[in-house]
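Sequence order for the protein chains is V and W. So for the first sequence, our numbering puts the first residue at 85; every next one is plus one. So for the second sequence, our numbering puts the first residue at 14; every next one is plus one.
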Amino acid sequence: MLHTDDTPNSARLDLLDPLEVSKLGGLEIITQGVVEGFLSGLHRSPRRGFSVEFAEHRMYQPGDELRYVDWKILGRNDRLYVKQFEEETNLRAVIVCDTSRSMAWSGAPGAVLPKLAYAQRLIAALSLVLIRQRDATGLITFDDEVRTITPPRARLSHWRQLLQVLAASEAGHGTAAEPALRRVIGQLRRRGLVVFVSDLLLDRTLALKALRFLRHRGHQVLVLHIMDPAEVSLVGTNEARFEDPESRAAVVIRPRDWAGPYRDTVRGVVSEWRLACRRHGIGYHQVTTDTPFGVVLREALAPPSSPA
Amino acid sequence: MISFLHPWVLVGLTAAAIPILLHLLARREPPTVVFPAVRYLVTTTREHQRRLKLQNWILLCLRTLLVVLLVLAAAAPSIPETGVAGHAPSALVLIVDNSPSSGAVGQGNPTFRQLITAARQVLGRATPQDALWLISADGIPRRGDRTALDDLLRGLTVSPRRLELGSAIALADEVLGPEPRPGEIVLLTDLQSSALSPAQPSAPLIVGRPDGPSPANAGIGEINAGSQPWSSDGGRVTITLVGDSGPGLPVSARLDNRPASQALGHPGGSTSLDLAGAPSGWWELTAELDPDELRADDRRVMAIRVAPVARVNWDSTSRYVAAAAEVLASNRRIVRGQEVVLGRLGSGASVVQPPEDPARIGALNRVLASRAVGWSYGELSTEPQFSDSGTVVGRQRVLRRYTLQPTGSGRTGVLATVSGTPWIVRGGDVVLLGSRLEPAWTELPVSAGFMPFMDVLLNRLARGEHSFTEAAAGDPVRLPDLVSEVRRGDRSWRVEGGGVFRPAETGVHFLLAGRDTIGALSVNPDPRESQLTRASDAQAGRLWRGARVVSLRQVGGAAFSSASRGDLRAPLLWTALLVGLIEAGFASGWRRRA
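Rendered as structure tokens:
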């Protein structure tokens, strides 16, 4: 059963292990659970406000302004309800999801979600949060070419459409991010939010160029760098031939000899991405697939830091 | 100089290649792992490849060094310790090569004197706790303390015996075998290249040799007196000179104190001299050269027997025998007389042909038996065969022959054979021929070797042969069966016939059977002693692994170095331990960092 009120952290799906969460049910159910848990953890609803257009009632909570108390209901039912008003949607968001073959990989199948599965659940939760805020949210999936384009909408039914697209997305072949990112322009006429979800095993120069372009167009850009824990730290002892599933490039090494230098290399790569993104006002978060979804959502939806 | 107690262990150095070989042999295709972030691995390996290679090289070097150190330690190396005044109790065998070549005088300094001086220096470093032996050219290891060996050295002279250096080293090594003390062999020699022979001593070997080049030398290598006995008309000797080539040298030869004959000879060549006749008897032939740097080989002796030619009674009806006898008589190799009967059995010495009539064989055999000749005629064989080459007669075609059968217990006196069966035999003073000396029986009478055969047959075989033997001093000589005494000048040795006699001195030794002289043994220096050319230090090093070759002047200081040698095993093992720790530290450190 999903909890929508305050619950201990141990019971909140947004803070559970992603693999455990994914075992609880389908994409829709667990995403709702994750988002509910995430939202209940916030002190106040992030975007819901009190504008002119009435949206719904809810139970009074200490701290609510008394002027929004519905005195009529109080008079009839002797219960304290406050009126909520729907803000006007002023944000359009497009989530760009990498569905290349490398995203389908898991360093520990059965113990850690594949990157694509993790990304699907994360995007579902993120889009639900945004849609609940009445932000129009769209989705573009790509591998070596653009696979699907779902234009941004703010209706809750649109979220289910997004879920269907996500559920249908399968790992493709190579990775070509630039065309997908450029297709964002067609979906965002006004300034909006672009969330790029990828393992970033792609042409960094081209991808950064496209991201800079989006930023130049005034969009808020957020990069979620999805990594498997086994990609962060090399595991194993015996010599093996490591082969890239996309390019088929291979290298023969003994992991125990190279674990340290490899870790340094990955740190360097992440650091380069972070610096490059910060330099251009792009938000960057490295996400490993064993990170609870709530943690990622909190980081991703935190107010953007000032650009460097 | 490093020496090893167990040098064969050094073969284990090849084990240093085992880590590399194992790595290469065990190399196989590794399993494939799908890994999307290969680009990070490529970047990592590209950036760290050089460092990793260096690490691997360092590890490989350390591991190889470890193996090498352990193998070297197992070979028990040692080095001489300088500045050590004394030495630990040692066993030392001193070999003094006082062979004839040591009598050479180079630059006014006799080699033998240098050897003795060096030997005294070696003994001077000995302590009462040392076990000492002395081996000279006689090949007998003599043990004694420093004083005793010094006395032996004082009595040592240039020996006529040759010393095989390899054998002497092997003997010294055997002497040191049971010794618990560290052993050492010191060889003092002129390092004559012809005396070198291989040896693998387990004890350290120090070789002391003279400085400077070896002196030039020429000597008499061989005397050939031809067929003996000589007649009273004299004879011819051929003298071969050996040694370094040079101008012609005057060579003289004489019988005892009779006037000498002289000729000019060249080293490497031969020269012939005719000697005037002498009365019947045994003579000592002496060939001499003018004195040079090595006196021992300037004189060579040989025994000569002079006897009158045989007095022969031959049968004029036997055409070929009569013709040969006539020729020999005309050349004064025989005279008519009754000493030897040729062709039939006489009352004295006889050369017997088988009768033409087979019916007379039985009668002949009966007479032979009554004379106790020990041989008789058997069946007639008409199968053409060839005689076996021998000293008496060469290979001749034999068409008919009687088999010769021994009638006694033994089978002695066979002088020639056909297909291994007796053809010419001697029993007592009777010589039996298996075939008649006619072309219908054998081709011998019409061959070139017939006249020399008849000469030998009549002058030597029929009259009883004498033994002429040549040997070098110290060589074992098997004596003829009848010899009971060996006499040289005033000295004599009682011997057993058929036994071995080792002449200690040069000169002519007469072999006596009772009061009769039945042969002579001519003892001279080994001709190889005349070649004074010295072997190089490298040659000695190749033949005797680990040998340290030094000047005779330095050998005193080099002796007993095995006892004052530093054992390198402990430092090597400590270094190996250190290397092992460094290797383990490096390997685990790098792995931990990785």
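For each residue, glycine too, the CB sits at the ideal point set by N, CA and C.
Query raised in the report: Between which two residues does the alpha helix (DSSP H) carrying residue 385 (chain W) extend?
Result: Residue 385 (chain W) -> no alpha helix (DSSP H), and no H or E assigned at all.
Requested in this report: Give me the Cα-Cα distance between residue 91 (chain W) and residue 493 (chain W), rounded to the nearest whole angstrom.
Outcome: Near 54 Å, if we compare the C-alpha coordinates of residue 493 (chain W) and residue 91 (chain W).
Requested in this report: Give a yes or no on whether the minimum CB-CB distance between residue 50 (chain W) and chain V is below 8 Å.
Outcome: At least one chain V Cβ lies under 8 Å of residue 50 (chain W).
Query raised in the report: If we cut at 8 Å on Cβ distances, does residue 226 (chain V) have a partner in chain W?
Result: No, no contact with chain W.
Query raised in the report: CA-CA distance, residue 300 (chain V) and residue 365 (chain V)?
Result: Spanning the two alpha carbons is a distance of roughly 10 Å.
Query - Neighbour list for residue 337 (chain V) in chain W, Cβ cutoff strictly below 8 Å - result: In chain order: 54 and 58.
Query raised in the report: If you follow the beta strand (DSSP E) that residue 65 (chain W) is part of, which residue opens it and which one closes it?
Result: Per DSSP, residue 65 (chain W) lies in no beta strand (DSSP E); the unbroken alpha helix (DSSP H) holding it starts and ends at 51-87.
**Report entry** Residue-level contact to chain V via CB, residue 588 (chain W), 8 Å cutoff
**Finding:** At a cut-off of 8 Å between beta carbons, residue 588 (chain W) makes no contact with chain V.
Requested in this report: Please decide whether residue 45 (chain W) counts as near chain V, where near means a Cβ-Cβ distance under 8 Å.
Outcome: Residue-level contact by beta carbon holds for residue 45 (chain W) and chain V, with a gap shorter than 8 Å.
Query raised in the report: Using the rule of at least 16 other Cβ atoms within 10 Å of the residue's Cβ for burial, across every protein chain shown, is residue 353 (chain V) buried or exposed?
Result: Answer is buried; the Cβ neighbour count reaches 16.
**Report entry** DSSP three-state assignment for residue 598 (chain W), whether helix, strand or coil
**Finding:** Judged by DSSP in its simplified three-state form, residue 598 (chain W) adopts helix.
Query raised in the report: Does the Cβ-Cβ distance between residue 257 (chain W) and residue 178 (chain W) come in under 8 Å?
Result: Their beta carbons are not under 8 Å apart, which means residue 257 (chain W) does not touch residue 178 (chain W) by this criterion.
Query raised in the report: Does the Cβ of residue 279 (chain V) have 16 or more other Cβ atoms within 10 Å, making it buried, or fewer, making it exposed?
Result: Buried: at least 16 other Cβ atoms inside 10 Å.
Query raised in the report: Nearest to residue 165 (chain W) by alpha carbon, out of W:180, W:174, W:189 and W:136?
Result: Here the closest residue by C-alpha is W:136.
Requested in this report: Measure from the C-beta of residue 65 (chain W) to each C-beta in chain V and report whether the shortest distance is under 8 Å.
Outcome: Chain V places a beta carbon closer than 8 Å to that of residue 65 (chain W), counting this residue as a contact.
Query - Option nearest residue 539 (chain W) by Cα separation, candidates W:80, W:279 and W:520 - result: Checked all of W:80, W:279 and W:520; the closest Cα to residue 539 (chain W) is W:520.
Query raised in the report: Quick one: which chain W residues come within Cβ less than 8 Å of residue 334 (chain V)?
Result: Simply 45 and 51.
Query raised in the report: Are there 16 or more other CB atoms within 10 angstroms of the CB of residue 561 (chain W), so buried, or fewer, so exposed?
Result: In summary, residue 561 (chain W) is buried, with 16 or more beta-carbon neighbours lying within 10 Å of its beta-carbon over all protein chains present.
Query raised in the report: What separation, rounded to the nearest whole angstrom, lies between the Cα atoms of residue 600 (chain W) and residue 72 (chain W)?
Result: Distance between the alpha carbons of residue 600 (chain W) and residue 72 (chain W): 7 Å.
Query - residue 315 (chain W), enclosing beta strand (DSSP E) - first and last residue - result: Residues 312-319.
Query raised in the report: With burial defined as no fewer than 16 other Cβ atoms inside 10 Å of the residue's Cβ, what is the status of residue 361 (chain V): buried or exposed?
Result: The residue is buried, with at least 16 neighbouring Cβ atoms inside 10 Å.
Query - Listed by chain order, chain V residues near residue 61 (chain W) by CB distance under 8 Å - result: In chain order: 342 and 345.
**Report entry** residue 259 (chain W) versus residue 279 (chain W) - alpha carbon distance
**Finding:** Distance between the alpha carbons of residue 259 (chain W) and residue 279 (chain W) is about 7 Å.
Report task. Could you confirm whether any beta carbon from chain W is found closer than 8 Å to the beta carbon of residue 173 (chain V)? Result -> The pLDDT assigned to residue 173 (chain V) is 47, lower than 50, so where the model puts this residue is not dependable; a value taken from the coordinates is nonetheless given after this. No, residue 173 (chain V) does not count as interfacial toward chain W.
Report task. Verify the CB distance criterion: does residue 375 (chain V) have a CB-CB separation below 8 Å to chain W? Result -> Under the Cβ distance rule, residue 375 (chain V) does not count among the residues neighbouring chain W, no pair being separated by less than 8 Å.
Report task. Take every Cβ of the stretch 313-329 of chain W, pair it with every Cβ of the stretch 240-249 of chain W, and state whether three or more of those distances are shorter than 8 Å. Result -> A contact exists between the stretch 313-329 of chain W and the stretch 240-249 of chain W.
Requested in this report: Starting from residue 186 (chain V), find everything on chain W with Cβ-Cβ shorter than 9 Å and list it in chain order.
Outcome: Simply 49 and 50.
Query raised in the report: Are the beta-carbon atoms of residue 212 (chain V) and residue 243 (chain V) separated by less than 8 Å?
Result: Going by C-beta atoms, residue 212 (chain V) is nearer than 8 Å to residue 243 (chain V).
**Report entry** Opening and closing residue of the alpha helix (DSSP H) in which residue 333 (chain W) lies
**Finding:** Element bounds for residue 333 (chain W): 332-343.
Report task. Taking residue 134 (chain W) as part of the alpha helix (DSSP H), name the residues at either end of that continuous run. Result -> Secondary structure note for residue 134 (chain W): its alpha helix (DSSP H) is the uninterrupted segment 124-137.
Query raised in the report: Who are the near neighbours of residue 351 (chain W) in its chain, counting only those whose CB is closer than 6 Å to its CB and skipping five residues on each side?
Result: 326, listed in sequence order.
Requested in this report: Taking only the alpha-carbon atoms, compute the straight-line gap between residue 291 (chain W) and residue 376 (chain W) and give it to the nearest angstrom.
Outcome: Approximately 44 Å between the Cα atoms of the pair.
Query raised in the report: Rounded to a whole number of angstroms, what is the C-alpha to C-alpha distance between residue 260 (chain V) and residue 232 (chain V)?
Result: Taking the straight line joining both Cα atoms gives about 14 Å.
Query raised in the report: What is the rounded straight-line gap between the Cα of residue 215 (chain V) and the Cα of residue 240 (chain V)?
Result: Going by the C-alpha atoms only, they are around 6 Å apart.
Requested in this report: Taking the CB atoms as reference points, tell me whether residue 481 (chain W) and residue 406 (chain W) lie closer together than 8 Å.
Outcome: Not in contact: residue 481 (chain W) and residue 406 (chain W) (Cβ atoms no closer than 8 Å).
Query - Every unbroken beta strand (DSSP E) within the stretch 466-505 of chain W, with a cutoff of 3 residues, ordered by chain - result: Runs found: 480-485 and 498-501.
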